[in-house]
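Below: one structure, written as structure tokens.
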Amino acid sequence: MARRTPNREYVPPVQTLQVRYAKRGRMRFASHRDFQRAWERALRRARVPMAYSAGFSPHPKVAYAGAAPTGAASEAEFLEIGVVRQVDPSVLRAELDAALPEGLDVVGIVEAAGPLGEALRASRWRITWPVVVTEAVEAFAAADSICVERVTKAGRRTIDVRALCADLVLVDPCTLEVTVAHAEPTPRPAEVVTAIRVVAPDVPDVPVVATRLAQGRSFPGGVEPPF
Amino acid sequence: MVQSVFAELERILPLVRKPIQYVGGELNATVKPWDSVAVRWALMYPDAYEIGLPNQGLQILYEVLNERNDVLAERTYAVWPDMEALMREHSIPQFTVESHRPVGAFDVLGVSFATELGYTNLLTALDLAGIPLHADDRGDGHPLVIAGGHAAFNPEPIADFIDAAVVGDGEQAVLRLSDLIRDVKAAGGGRADMLDAIAASGVAYVPSRYEVTYLPDGRIRRVVPTSPEVPWRVSKHTVSDLDEWPYPKQPLVPLAETVHERASVEIFRGCTRGCRFCQAGMITRPVRERSKTTVADMVQTSLEATGFEEVGLLSLSSADHSDIADLTKGLADRYEGTNTGLSLPSTRVDAFNIDLANELARNGRRSGLTFAPEGGSERIRRVINKMVGEDDLIRTVAAAYAAGWRQVKLYFMCGLPTETDEDVLQIARMAKEVIRTGREVSGRRDIRCTVSIGGFVPKPHTPFQWAGQLGWAATDARLQMLRDEIRSDRDLGKAIGFRYHDGRPGIVEGLLARGDRRIGAVIEQVWRDGGRFDGWSEYFSFDRWMAAAERVGVDVDWYTTRERDQAEVLPWDHIDSGLDKEWLWQDWQDSLDGVEVEDCRWSPCFDCGVCDQMGTRIQIGPSEGSILPIVQVR
């Protein structure tokens, strides 16, 4: 009779590490599932002593905090991993960077001091249109409330995008930087773009380039990263 | 200077489904400076990225070519219709995924056809690349379009569209082609000179250097080289010592999800079981094994290079490796207690396989168990030379249930030569017996088996190349009957899953597999009518194919359901797979008489012709050495 239980003991994590990484260049087109696989493979290639979940199909303990949507670039993505042996974050950083595909780049690794979720309250986004949006952004900024609808499998939800946006800065006539507060649900950059088109329907419905510049606690004028 | 089209591409990527498949950036991809080499290959797998990327053949050639200093190779795949429409709208050409260079700028477009259903996708790629569809219309500035893969053993249906076809193992052939092309380029020669050099060398088949004439009744009269320098027949390539070619060493790891999320190591090439329906087994002879130490090294190298968690040990019939017991035990020992999984696809039906599967399941991962009896009755299994007895089969599957497997898949074909309704109905009886016995030996009622069945398509270079294919309506009727028979017993029937492919796509595959040069017009018409991704049921249109055939005056039945006689010149007779046509005919006759043929690995040679003709020999173990544990450095 073959064994029906995995021939492997469950080993609990002894250390939790928080990783900040960037999604650059063509990697912005990776979906959440895509870079999740890339991360798990990189962790194996770098021989990180990962903690695995118990059970018949164990999977490495990696928790991704609010990942940027497919198509958006980011300088400030975060994840958390559990390891079964103490590791030196600075050594790990170099090894992981070498094991990841170009464009998924480690920015920093620290030993967890507190939960990531609480530290990540808002994101600073840069959105670039292929057209001039000065007046559109001014009209958006002048409004108090602009709602857009999100259609999900669970149904329709209305999000007041404008109310969650702050610190709007036009860095050039085609480029907006904006702090978006994390909420239930958090507006995506595409929804900010849609909300702007609500007040400025003249802006053509064309793809924009969105980059998350920072993630952390918001303060007037920007966002403070946890590390 | 050849420019990347990425800037233009980036603007449309947010508008397509799964954009990641078009951006490249895979781990272990190679990007070389354009001007650093003499010969540039664009390698294409004519299906979606998710299917094409894991393809071992293409990955091997990619690495073999890129290891050469004077050659570069990049990859390109079929783009989905949403992408195609946007590329046309924005004038973006077919591009490679590494550097997004236009395919039209390369010296060679090498296309690997695992199946004939990729032909329309070739035309899309050519058209998007700005390469004229017809080889005749191409000039010095256009790449040579070279086909390879199993379907290239009958390249005639795509003779209009390709400049050459490589037959057999590609590793050495692509290097020889690179040399020929480099030398002609260095001497200032153009396209015609390259094709002359290739045709004369016999390294690849150049359709334009052969003339086909027909008899009044439509059969081929003969196929004649157009110049005395060109050989009458083009021979397949055979790599002799696979230990010398341990590729891929650095398997590509995609960002996008693909059909095989694992590394693969080919443990041997070729198969001499002699299953008469199996083109792969016939055209890849003889058997050439990798030694167990090479396999073990390749497994470890692949794991380190990729970060995959699973390694598949590939071949046409993996349990037949002469060292398979040592190999599986050695690897299972080495990776025991890790999260590394091993899988052994393509195994035959016998109890030995349950032991192997048990070894590989030590880490708790159980890949599914699949057996392929192929035919439902003992009689039909003698016809196809798949020698497995009913009792053995039941015993094997029962052993699997007893060993803890709950789910077993059984593969069959419908429409085999001489098949009757009774042969197919036997499948239902076999499946019920499997469940009955399985419940008895396991003491459980939650065991299941799945019967998976598709229509048989006669293929070139097999003993069934002369056979009449069963029409689609008759295939569908038999499948319906089988389904009813499985469902007839409610208690057993509910434990049996039934999966089938209807008969229509098989007829198109049959037309393309055994077609001649006159089929090219059908392919082109279908493509002009919108045919794309014919291997995908959501895109395939039988009616489109039939309408196109009628429009260009091709009688589909004549190519598919018609039985050929011994004297007929077959469209692929001038492609030498090594198999002696007389021997194939004799095997066809033996099949009709229900006479079986042994495997030449364990019995004397029965003169199929391959080793004599190709100067090759069977290479099997057992080999020296043992599989050592990997010492972890930290």
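Line by line, the protein sequences give chains A and B.
The opening position of the first sequence corresponds to residue 22 in our numbering, with each subsequent residue numbered one higher.
The opening position of the second sequence corresponds to residue 337 in our numbering, with each subsequent residue numbered one higher.
Glycine is no exception: its CB is placed at the ideal position from the N, C-alpha and C atoms.
Just to confirm before moving on: does the CB-CB distance between residue i and residue j stay below 9 Å?
i        : j        : result
B/Arg814 : B/Glu755 : yes
B/Val520 : B/Arg545 : no
B/Val685 : B/Phe748 : no
A/Ser239 : A/Ala143 : yes
B/Arg698 : B/Ala739 : no
B/Gly790 : B/Leu806 : no
B/Gly725 : B/Glu714 : yes
A/Glu101 : A/Ala84  : yes
B/Lys680 : B/Leu729 : For clarity, residue 680 of chain B is Leu in the given sequence; the question names Lys instead. No, Cβ-Cβ distance for B/Leu680 and B/Leu729 is not below 9 Å.
A/Arg47  : B/Phe342 : yes
B/Leu578 : B/Arg624 : yes
B/Pro965 : B/Arg518 : no
B/Glu492 : B/Ile855 : yes
B/Leu818 : B/Ile763 : yes
B/Val375 : B/Asp406 : yes
B/Leu345 : B/Ala592 : no
Can you list, in chain order, the residues of its chain whose CB lies under 6 Å from that of residue i, leaving out five sequence neighbours each side?
i        : result
A/Ile217 : Ala157, Phe161
B/Leu363 : Val589
A/Ala120 : Ala63, Arg66, Ala67
A/Lys174 : none
A/Glu96  : Ala43, Leu234
A/Thr179 : Cys168, Glu170
B/Pro543 : Ala495
A/Ile148 : Leu197, Pro210, Val229, Ala231
Among the candidates the options, whose CA atom is the shortest distance from the CA of residue i?
i         : options                                : result
B/Ile690  : B/Glu344, B/Ala767, B/Glu710, B/Lys665 : B/Lys665
B/Met337  : B/Gln922, B/Asp371, B/Ile763           : B/Asp371
A/Gly124  : A/Pro194, A/Phe50, A/Asp109            : A/Phe50
A/Phe248  : A/Val127, A/Thr196, A/Ala115, A/Val112 : A/Val127
B/Asp870  : B/Leu848, B/Pro390, B/Glu403           : B/Leu848
B/Lys768  : B/Val733, B/Arg347, B/Arg353, B/Gln395 : B/Val733
B/Ala483  : B/Leu397, B/Glu776, B/Leu705, B/Ile556 : B/Leu397
B/Cys947  : B/Gly930, B/Arg621, B/Tyr413           : B/Arg621
B/Leu379  : B/Gly361, B/Glu597, B/Asn402           : B/Asn402
B/Val647  : B/Val631, B/Asp662, B/Asp656, B/Met766 : B/Val631
B/Cys611  : B/Asp893, B/Gly889, B/Arg718           : B/Arg718
A/Gln39   : A/Arg147, A/Val192, A/Pro110, A/Ser166 : A/Pro110
B/Gly606  : B/Thr642, B/Asp505, B/Lys795           : B/Asp505
B/Ile771  : B/Arg742, B/Gly751, B/Val793, B/Leu761 : B/Arg742
B/Arg840  : B/Pro796, B/Gln430, B/Tyr381, B/Asp893 : B/Asp893
B/Thr1040 : B/Ala414, B/Val447, B/Ile428, B/Ala471 : The requested residue 1040 of chain B is not part of the displayed model; chain B covers only 337 to 970.
B/His478  : B/Glu672, B/His573, B/Ala535, B/Val444 : B/Val444
B/Gln586  : B/Gly889, B/Gln392, B/Ser959           : B/Gln392
By Cβ distance below 7 Å, which residues in the same chain neighbour residue i in space, the five residues on each side in sequence not counted?
i        : result
B/Val862 : Thr456, Arg880, Trp881, Ala884
A/Ala23  : Reliability fails at A/Ala23, whose pLDDT of 41 lies under 50, so the model's placement of it is uncertain and the value that follows must be treated cautiously. Around A/Ala23: no qualifying Cβ.
A/Gly103 : Pro34, Thr37, Ala72, Lys82
Quick one: which chain B residues come within Cβ less than 7 Å of residue i?
i        : result
A/Tyr73  : Asn675
A/Pro228 : Arg347, Pro350, Leu351
A/Pro79  : Asn675
A/Ala51  : Ile356, Leu591
So which residues of chain B does residue i contact, with C-beta pairs closer than 9 Å?
i        : result
A/Gly92  : Leu349, Pro350, Pro355
A/Gly103 : Within 9 Å Cβ-Cβ: nothing; A/Gly103 doesn't reach chain B, min ~15 Å.
A/Ala120 : Leu363, Gly643
Who are the near neighbours of residue i in its chain, counting only those whose CB is closer than 8 Å to its CB and skipping five residues on each side?
i        : result
B/Arg898 : Gly804
B/Tyr583 : Gln395, Ile396, Glu399, Val400, Glu507
A/Leu185 : Val201, Ala202, Ala204, Thr207, Pro208
B/Arg347 : His426
B/Arg970 : With a pLDDT of only 40 at B/Arg970, under 50, the local geometry of the prediction cannot be trusted, and no value is derived from it.
Residue i touches chain A at which residues, Cβ-Cβ below 9 Å?
i        : result
B/Phe644 : Arg62, Arg65
B/Gly388 : The premise fails here: B/Gly388 is roughly 17 Å from chain A at the closest Cβ pair, so nothing lies under 9 Å.
For a contact meaning CB atoms closer than 8 Å, what does residue i contact in chain A?
i        : result
B/Glu593 : Arg54, Asp55, Arg58
B/Val862 : Per Cβ cutoff of 8 Å: no residues; B/Val862 is ~32 Å from chain A at best.
Would you mind telling me which residues of chain C sit closer than 8 Å to residue i, beta carbon to beta carbon, in chain order?
i        : result
B/Gly360 : As a matter of chain content, chain C is missing from the structure shown, whose protein chains are A and B.
- Can we say the region 422–437 of chain B touches the region 364–384 of chain B, given the rule of at least three CB pairs closer than 8 Å? yes
- Is there contact between the region 420–432 of chain B and the region 459–470 of chain B, where contact requires at least three CB pairs shorter than 8 Å? yes
If you pair each beta-carbon of the region 508–518 of chain B with each one of the region 814–833 of chain B, do three or more pairs fall below 8 Å? no
query: How about the region 850–868 of chain B and the region 910–925 of chain B: do they share at least three Cβ pairs that are nearer than 8 Å?
result: no
- Query: Is the region 634–643 of chain B in contact with the region 595–604 of chain B, if contact means three or more CB pairs nearer than 8 Å?
  - Reply: Touching, yes, given that three or more Cβ pairs across the two stretches are closer than 8 Å.
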